[in-house]
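Going letter by letter, the sequence shown gives residues 1 to 78 in UniProt numbering.
Ideal Cβ positions, reconstructed from N, Cα and C, are used throughout, including at glycine.
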Amino acid sequence: MSRVCELTGKKAMVGNNVSHAMNKTKRKFNANLIKKRFYIPEEDKWVTLKVSAAALKTINKIGIAAALKTARAKGFYK
């Protein structure tokens, strides 16, 4: 399964490891993803989402229904 947030679309970035001698080798910065179950009262069902920590804070702030609505509008969630 891909390491992509289902609500925000965040995914891994590519960068460099830099040594003290300034040697650079490629590395990945993975998104901070958490697999979490949410209850949606409007649909009366539980859904399991792979969300980033930032998306989890957004859900706490605006609610799961509003977060899913914006994710659907942006095309990140079915």
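Practice task
Using the DSSP secondary-structure output, state which residues sit across from Arg37 in a beta bridge.
Solution key: Arg37 pairs with Thr48.
Exercise for the section: Please classify Ile59: is it buried, with 16 or more other beta-carbons within 10 angstroms of its beta-carbon, or exposed? Expected result: Buried: at least 16 other Cβ atoms inside 10 Å.
Exercise for the section: Spatial neighbours of Lys50 within its chain, please: CB distance less than 6 Å, with the 5 preceding and 5 following residues excluded, ordered by chain position. Expected result: Contacts found: Glu6, Leu33 and Lys35.
Problem - Own chain residues within Cβ distance below 6 Å of Thr25, not counting five before or after - result: Within the same chain, Thr25 has close Cβ partners Asn17.
Practice task
Using DSSP bridges, identify the partner residues of Lys78.
Solution key: DSSP lists no beta-bridge partner residue for Lys78.
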